[in-house]
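K.L.:
This structure is in structure tokens; I'll ask about it shortly.
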Amino acid sequence: MKTIKKIAVFTSGGDSPGMNAAVRAVVRTAINNDLSVVGVRFGYQGMIDDDLVDLHDHSVSNIIQRGGTILKSARSKDFRAREGREKAVENLKKANVDAIVAIGGDGTFRGATELNEEFGIPVIGVPGTIDNDLSGTDETIGYDTAMNTAMDAIDKIRDTADAHDRLFLVEVMGREAGFIALETGIATGAELILLPEAVSRIDDVRESLSEVFRVQRRSSLVIVAEGDETGGAIKLAENLKEDFEKYEMRVSVLGHIQRGGSPTSRDRVLASRLGSAAVQALVDGHTNVMVGVVNNQTKLTPMKNTWAKKKSLNYELLELAKVLS
Ligand code: ATP
């Protein structure tokens, strides 16, 4: 394999808190290994548009605490076509880039895998997504912050729900995976948690809520992952309206606040470890793998396994939530 002298780093797909800390770690570890670094702005679209910037030690000063991503992020339709990828590779070659570090979710990794398989460019993935839905790492960068943001918001909703004895349906992010819903549900003492991995039939939801009201007749909180079978909190509220007429029902969709904000210390440390491990993996000659942390040890996983093998929820936690609610 060609000796690596210059790497490109970019953030892609949905942004997640901690991406900046990962970029910082990539840049500083690269410099420490006598490599030069360019940042690609706006993910794969920036690669196609030749939107590259040189990154130095000072370029990543004072960003570890910032949410969002200084490199910006984007979803690129053009990159899905072969011509788009050819253009991207042409620009990388023009800039003398030998290898890339891709920070994002499964879509980002699919794109990186294609770059590697079609053009032979060494690629390393860094898991940056609030969804925590990638195999090969116990947690993804941004997940902890998103959960804490959701928890803080839900605590506030609980106060007002309690003051009025209301039923609140709170929707959290998670189209395919219920990690955020499950953990925030437990952390906020939700009466019911609905998520994509567990079948949620509307009749069962009705029955569970009726039971909650029969037993306690006070404010109740239902956490609904956006990808739950019931169709999300707004649709669920419409379907439950008639059955729970005497309770004041309110819906709150937390939405994008879950993506923003300053990363927690846990996300900053995780991002620092993973960004650094990604560069080390390239230096050691690895390619087409994702860096993760499993049982507190950094681990490399073949990129394809990160999305092909669905990460399992901890079903014990789901049972625990039922016992404690
Ligand atoms: P998140 O999990 O936060 O949504 P993600 O990385 O999965 O992040 P996507 O929008 O799915 O976000 O993917 C990011 C970008 O990766 C896409 O906009 C597209 O440019 C590229 N991409 C996704 N899938 C493929 C694919 N199969 N082939 C080539 N490129 C892809």
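Just so you know, we're using the working numbering here: the sequence shown kicks off at 1018 and counts up by one.
Where a beta carbon is used, it is the ideal one built from N, C-alpha and C, also for glycine.
On a predicted model such as this, the values are computed, not experimentally measured, just so you know.
With distance defined between alpha-carbon atoms, name the residue in Ser1236, Leu1341, Asp1148, Glu1208 nearest to Asp1182.
P.N.:
Start at 1 with the first residue of the sequence shown, and residue 1182 comes out as number 165. Considering only alpha carbons, the answer is Ser1236.
K.L.:
Determine contact between the region 1100-1111 and the region 1256-1264, defined as no fewer than three beta-carbon pairs at a distance below 8 Å.
P.N.:
As far as the Cβ criterion goes, the region 1100-1111 does not touch the region 1256-1264, which means the pair count is below three.
K.L.:
Can you check the region 1043-1073 for any alpha helix (DSSP H) of at least 4 residues that lies completely inside it and give the ranges in chain order?
P.N.:
For the region 1043-1073, whole alpha helix (DSSP H) runs of length 4 or above, ordered along the chain, are 1060-1065.
K.L.:
Identify every residue that forms a DSSP beta bridge with Phe1027.
P.N.:
Within the sequence shown, residue 1027 is the residue found at index 10, counting from 1. For Phe1027, which the question treats as bridged, DSSP gives the partners Val1057, Ala1119.
K.L.:
Thr1157 by DSSP, collapsed to three states: which one?
P.N.:
As a working note, residue 1157 is residue 140 in the sequence shown. Coil at Thr1157, not helix or strand.
K.L.:
Please work out which residues of its chain come closer than 6 Å, Cβ to Cβ, to Val1044, disregarding the five sequence neighbours upstream and downstream, and give them in chain order.
P.N.:
Translated into the one-based positions of the sequence shown, residue 1044 becomes position 27. So the list reads Val1054, Leu1072, Val1077, once near-sequence residues are dropped.
K.L.:
Between which two residues does the beta strand (DSSP E) harbouring Ser1237 extend?
P.N.:
As a position in the sequence shown, residue 1237 is number 220, starting the count at 1. Unbroken beta strand (DSSP E) run through Ser1237: 1237-1242.
K.L.:
So, does the region 1189-1201 touch the region 1235-1250, judging by three or more C-beta pairs under 8 Å?
P.N.:
A contact exists between the region 1189-1201 and the region 1235-1250.
K.L.:
Which residues mark the beginning and the end of the alpha helix (DSSP H) in which Leu1211 is found?
P.N.:
The residue given as residue 1211 occupies position 194 in the sequence shown. Leu1211 -> not in any alpha helix (DSSP H); beta strand (DSSP E) instead, spanning 1209-1211.
K.L.:
Going along the chain, which unbroken runs of the beta strand (DSSP E) with 3 or more residues stay wholly within the region 1261-1304?
P.N.:
The qualifying runs are 1266-1270.
K.L.:
Tell me Glu1188's beta-bridge partners as DSSP assigns them.
P.N.:
As a working note, residue 1188 is residue 171 in the sequence shown. Paired residues: Val1241, Val1270.
K.L.:
Alpha carbon to alpha carbon, how far is Ser1090 from Leu1341?
P.N.:
Taking the sequence shown and counting its residues from 1, the one referred to as residue 1090 is at position 73. Taking the sequence shown and counting its residues from 1, the one referred to as residue 1341 is at position 324. Distance between the alpha carbons of Ser1090 and Leu1341 is about 40 Å.
K.L.:
Assign Gly1084 to one of three DSSP states: helix, strand, or coil.
P.N.:
Counting from 1 along the sequence shown, the entry for residue 1084 is found at position 67. Gly1084 falls in the coil class under three-state DSSP.
K.L.:
Got a sec, what are the start and stop residues for the alpha helix (DSSP H) Ala1340 sits in?
P.N.:
Start at 1 with the first residue of the sequence shown, and residue 1340 comes out as number 323. The question names Ala, yet the displayed sequence has Val at residue 1340. First-last of the alpha helix (DSSP H) with Val1340: 1332-1341.
K.L.:
Using a Cβ-Cβ cutoff of less than 7 Å, which residues in the same chain neighbour Ala1298 once the five nearest sequence positions on both sides are dropped?
P.N.:
If you number the sequence shown from 1, residue 1298 lands on position 281. These residues qualify, in order along the chain: Ile1141, Val1306, Val1308, Leu1317.
K.L.:
Leaving aside the five residues before and after Glu1265 along the sequence, list all residues of the same chain whose C-beta is less than 8 Å from its C-beta, in chain order.
P.N.:
Counted from its first residue, the sequence shown places residue 1265 at position 248. Around Glu1265: His1181, Asp1182, Arg1183, Leu1184.
K.L.:
Among residues of its own chain, excluding the 5 on either side of Gly1056, which ones have a beta-carbon nearer than 6 Å to its beta-carbon?
P.N.:
Here the question's residue 1056 lines up with position 39 in the sequence shown. So the list reads Val1026, Val1070, Leu1072, Leu1088, once near-sequence residues are dropped.
K.L.:
Counting Cβ pairs, one atom from each stretch, are 3 or more of them under 8 Å apart for the region 1270-1280 and the region 1109-1121?
P.N.:
Touching, no, given that fewer than three Cβ pairs across the two stretches are closer than 8 Å.
K.L.:
Answer yes or no: do Leu1109 and Val1296 have a C-beta to C-beta separation smaller than 9 Å?
P.N.:
Within the sequence shown, the letter at position 92 stands for residue 1109. Within the sequence shown, the letter at position 279 stands for residue 1296. Not in contact: Leu1109 and Val1296 (Cβ atoms no closer than 9 Å).
K.L.:
In chain order, what residues of the same chain have a beta carbon less than 8 Å from the beta carbon of Ala1338, not counting five sequence neighbours either side?
P.N.:
Counting from one through the sequence shown, the residue named residue 1338 turns up at place 321. Only Leu1199, Gly1202, Ile1203, Ala1207, Ile1210 meet the Cβ criterion.
K.L.:
Alpha carbon to alpha carbon, what distance is there between Leu1330 and Glu1214?
P.N.:
Taking the first residue of the sequence shown as 1, we reach residue 1214 at position 197. Taking the first residue of the sequence shown as 1, we reach residue 1330 at position 313. Those two C-alpha atoms are separated by around 8 Å.
K.L.:
Where do the ends of the alpha helix (DSSP H) carrying Val1106 lie?
P.N.:
Taking the sequence shown and counting its residues from 1, the one referred to as residue 1106 is at position 89. From DSSP, the alpha helix (DSSP H) with Val1106 extends over 1099-1111.
K.L.:
Does the Cβ-Cβ distance between Ile1120 and Gly1085 come in under 9 Å?
P.N.:
The residue given as residue 1120 occupies position 103 in the sequence shown. The residue given as residue 1085 occupies position 68 in the sequence shown. It is not a contact, given that the beta carbons lie outside the stated cut-off.
K.L.:
Figure out for me which residue from Ser1029, Val1239, Gly1063 has the closest Cα to the Cα of Arg1175.
P.N.:
Looking up residue 1175 in the sequence shown gives position 158. Cα-wise, what sits closest to Arg1175 is Val1239.
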